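Sequences listed follow chains A and B, in order. Counting with the working numbering, you get residues 355 to 1085 for the letters of the first sequence. Counting with the working numbering, you get residues 59 to 308 for the letters of the second sequence. Just below is one structure, and these are the notes that go with it.
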Amino acid sequence: MATRYLAVVATLLLLFGLIIVKSLNSINSLSVDTRDNVLQAVSDNLRTAINLEKLFRFAQIIYRSPDPLERRRFMLASHVLSQDAAFERNQAITDIVRKTAEQLREIHALRGRQTMIMRRARVGLETMQAENPSFPKGVDPIPAMARAIYTDNDTEFYESIEQLKELLGNPALKGGAKQTLLRDFVENLETHRAQENRLKSLWHAISTQLDRTIGQLSIRTVQTASERFTVIASKAEQAFYLGAACFILISASLVSIIFLIRRDILRPVLNSVTILDQVQQGKTPDAFPGARLRELDDIGRAVERSARLMRQIAERTEELEKTNAALVREISEHRKTERQLAAAKASAEAAGRAKSDFLAGMSHEIRTPMNSILGMAELMLETDLTKQQRRYIDTFKSSSELLLGILNDVLDFSKIEAGQLQLAEETVNIRTCIEEVANIIRDKVKKKGLAFQEFVAPDVPDAVVADRVRLSQILLNLLDNAVKFTEQGHVELSISTEPHEKDGMLNLSFAVSDTGIGIPQHMQNAIFGRFTQADASTTRKYGGSGLGLAICRALADLMGGSLILDSNEGEGTRVLLRAPFEIAAAPEGSKRPDKENVKAIEAQIRKRKPTILVAEDSDSNRGLLELFMQNCVERIDFAENGVEAVALYRTSEYDLVLMDIQMPEMDGYGATRMIRAIEKEDRRTQTPIVALTANAMQDDERRCLSVGCDFYLSKPVSKLALLQTIRNHLG
Amino acid sequence: MSRIIAVAALFILLTTAFAAAEPLRVATEGAYPPFNYIDENGEPAGFDVEMAKAICTALSRKCEIVVVPWNDIITRLVKGDYDMVVASMAKTPERDKLIDFTDHYYRSRSNFVGEAGRFPQATPEVLTGRTIAAQKGTVQENYLYEHYGTSNIRSAGTTKEAFDLLVAGEVDAVLSDSLTIYEFLQTPRGRTFDFIGSALPASDVSSFSHIAVAEGNDELCKQINHALKRLRAEGTYDRINKKYFPFSIY
């Protein structure tokens, strides 16, 4: 929109400018032409007129002057003047001037002849006078002759001529020299008169010519100048009117532009400012009334939106302030509560510590005498005893063992209650563990005349990360119960696997089933509770603290698994322990055929006396790796994250780096990149870097190799695999 | 204070410059009446001489006038013996190569002069076989050689000598400047002679007289042109003109 105005105004201005410039230009060119040509023409005409006047004056002098020298001078001057170049501009004038010059020559010549004639006449008179003739009366010509010679007056001159002519006719003068003389005299005078007439007509011709020519010249000159100036004046007037018109139009345009600006630019701007003002004052802003120019409309609407937003912001800020105040209050409340809680926690912790101290103490306090009791019982059994004494001590020992068992259960349960029980994480060989448990139970089973079956699924891994003691405890407890509550049939222990969604983990199911008395439905929940056996009578019959299952369930929960009971009265019982386990590398001391290869590889590595940098954040993994390598590696440096690994690498030389990928602070990828960079910078030889990654996807391999690793192993790593890799990459 | 000293120094410099302004050395022929001739006191006089003096005055410089024979007058200007030549010189292309010319300072056409009434015209046809004289080294002499091949041409050392030849009857006509002829025809010995035929064309180089300066001396050339304009505007030119001729010769 704005550009349209500008375009129109610019076009108008340009148009006006062109018109005025053209006008002024034409005036200028006219003026220049006037100066160069017209002025020149006028000046020439002036010169011509002056020279014509001069010529006229010369003509007068030639015509009137009695001095022949003067007449000659001016005749020559008029000849030269008539050649003046100014006369040649106009053919008519050229002709007139030439004619005039010729006429002047004629006048000059005639005057010369006149002088000669008059001289001759004078001579004649003098001759006549000298002879002193006597003339008859009344016919004396001499006075008339004298008058003719000496008079200035034309009339007298002519009268004398007539007189003398008359006298010539007088018979008294007939014959003789006197008559001849007189005749000659009169002839001369007549010639003179004729010449005079001729001169007069010549003079008349010249003067009228020159007068007319000069007059015409003046008129023409004035006319030319006048015409030219009229043209210039009219052009100037035109230019003036054009200029005035342009001025008016431009003024009008300016006024309209000002008006338009006011309407289209100022007003929207002021509206925008008003809106902003309103916001600033905290009032709700008005809507933007719109503008003609798109740009200003956009601006205005943007301002309106901004203003509304600002208003909203202001409102929110108010709310926030309120909320803030409330929060501050809450916080101070919370702090109070926190302090209270902290106090409570402190006291709880204190209580907890007291409890565990108590338990530990108690545990120690109880066990020590119990051990002593049992020990003494053992020792006593080794001495000579009477049958009766042996019987008493056997009972004593078994009761002690029972008591110890109950005490252990109680302590365990208290620990669990106090949340003090922690599961260990170690690599456990399932099969070995099962075997041990089975061995223990086999005796009891045999004693009762039952069959015992054990079944381990083939896909159960060799090793998992578990708490061997507690696992065994659970299994033993379950098996014990199975044996305890089965009179006939069998007890079975079977272990199977189920996949776990996480890589490297597995769900193991330990199932203990028996063909015993079973557990009535209504008791099944309760027996997991504390201090509850199926019924009171069971305790009497079967003994036990009743805590066993509760402890097993608690332990199962701690493992992240579950203990499930499946039983019906009289139909046997199946208890299932199901928990996730992390698959571990085969524990040390596994009797595998590769034991030979491992030893050989260890020897190979040992020869090299390598120093290895291990970057691994997991404690146990570090431990595991150390165990794996401790036989053959000269020195192992541990780093708990990428940053430490790089720091260690900077300061020492290593033969190999084991880089765990998943680490805090800086992961294996970053550490590898940094190490490679350091090598480049310091021009060190590349150290082999083996990545240990828990993820074993294709991408990880690519990524490991792309950041500069030489090899990668996926966790869990077997001892064999690790040693093989080390040996292969030690260069 | 320093400003006053500077202005005073400049002033002194300028005035000394003025005071030490060298005189303008002017050369003229001294044998071309009424424009330049030696008067009864042996001094150079004439229209040209008076013009030269007026120009010097207009340029606020002293005039030193030397008389130089026509044949040497250009060579010695080139040599630098003097600054300008005021001697009714015409501007020809050949001369322009050697020296520079100002604007014209008078106009005068060239004419033939001979016995009164002897020849009706002065065309080459009419004057075929006749002997015509002109001053050596002038444009008139050049003109004769170019256009009057059928006539005999005699070169005279000065204009006076040319007229002498005419008076003596040794030549039939003389081609010279109309104003010098005008002067000659008014002398007693010129009594029996008259202009013959038409003048040479108004556009011919012989119709304009210029002042000459050394080649490249644009400064002096400009000054002289300026001085001429001034003289004309002031009426000095007209005064000098009127002294010699009853009509304007500019």
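Glycine included, every Cβ here is placed at the ideal spot set by N, Cα and C. Keep in mind that this is a model prediction, so the values were computed, not measured.
Using a Cβ-Cβ cut-off of 8 Å, Arg188(B) does not count as an interface residue toward chain A, since no Cβ of chain A sits closer than that to its own. Residue environment analysis places Phe594(A) among the exposed positions, since fewer than 16 neighbouring C-beta atoms fall within 10 angstroms of its C-beta. For Arg83(B), the enclosing beta strand (DSSP E) stretches over residues Leu82 to Thr86.
Ser168(B) is the residue among Ile131(B), Ile190(B) and Ser168(B) whose C-alpha sits nearest the C-alpha of Ala439(A).
Contact with chain A is absent for Leu289(B), since none of that chain's Cβ atoms lies less than 8 Å from the residue's Cβ. Taking a contact to require three or more Cβ pairs closer than 8 Å, the stretch 180-200 of chain B and the stretch 226-245 of chain B qualify as touching. Taken through DSSP and simplified to helix, strand or coil, His854(A) comes out as coil. In the DSSP annotation of this structure, the continuous segment of the beta strand (DSSP E) that includes Glu173(B) starts and ends at Ser168 to Glu173.
Nothing from the stretch 80-107 of chain B brings a Cβ to less than 8 Å from some Cβ of chain A.
The beta-carbon of Asn399(A) is placed no less than 8 Å from the nearest beta-carbon of chain B. Taking 8 Å as the cut-off, the beta carbon of Phe251(B) is found no closer than this to the beta carbon of Glu199(B). When beta bridges are read from the DSSP output, Arg989(A) appears opposite Thr965(A). With respect to Ser261(B), Ala148(B) sits apart: the two C-beta atoms are not nearer than 8 Å. With a threshold of 8 Å between beta carbons, Gln437(A) makes contact with chain B. About 11 Å separates the beta carbon of Met983(A) from that of Ile955(A), a gap too long to meet the 8 Å contact definition. By the neighbour-count criterion, in which 16 or more other beta carbons inside 10 Å mark a residue as buried, Lys1073(A) falls on the buried side. For Gly466(A) and Arg574(A), the gap between their C-alpha atoms comes out near 38 Å.
With fewer than 16 other Cβ atoms inside 10 Å of its own Cβ, Ser605(A) counts as exposed. Under DSSP, Asp494(A) shares a beta bridge with no residue. Around Val434(A), the beta-carbon contacts reaching into chain B at under 7 Å are Ser236, Leu237 and Tyr240. Contact check for Leu464(A) against Phe539(A) fails: the beta carbons are separated by 8 Å or more. For Tyr203(B), the three-state secondary structure derived from DSSP is helix.
Residue contact check for Leu620(A) against chain B: no CB pair falls below 8 Å.
Here the alpha carbons of Thr402(A) and Lys453(A) stand approximately 16 Å from one another. A check of alpha carbon separations from Val362(A) across Met664(A), Glu442(A), Ser607(A) and Arg1038(A) identifies Ser607(A) as the nearest. Using a Cβ-Cβ cut-off of 9 Å, Asn444(A) is close to nothing in chain B; its nearest Cβ partner there is about 14 Å away. Proximity of Pro178(B) to chain A, defined by a Cβ-Cβ separation below 8 Å, is not satisfied.
Less than 8 Å separates the beta-carbon of Ala969(A) from that of Leu1012(A). One finds Gln437 in chain A with Cβ atoms closer than 8 Å to the Cβ of Ala257(B), taken in chain order. If you keep only unbroken alpha helix (DSSP H) runs of at least 4 residues inside the stretch 92-145 of chain B, you get 105-116 and 128-137.
Three or more Cβ pairs drawn from the stretch 788-808 of chain A and the stretch 840-855 of chain A lie within less than 8 Å of each other, which places the two stretches in contact. According to the DSSP assignment, Pro934(A) belongs to the beta strand (DSSP E) that extends over Thr927 to Ile937. Going by beta carbons, Tyr1066(A) and Thr1039(A) fall outside the 8 Å limit. The Cβ neighbour count for Tyr163(B), taken over all protein chains shown within 10 Å, is at least 16; the residue is labelled buried. For Ala148(B), no CB of chain A lies under 8 Å from its own CB, so it is not counted at the interface with that chain. Under the DSSP assignment, Ile586(A) falls in the alpha helix (DSSP H) whose first and last residues are Gly530 to Ile615.
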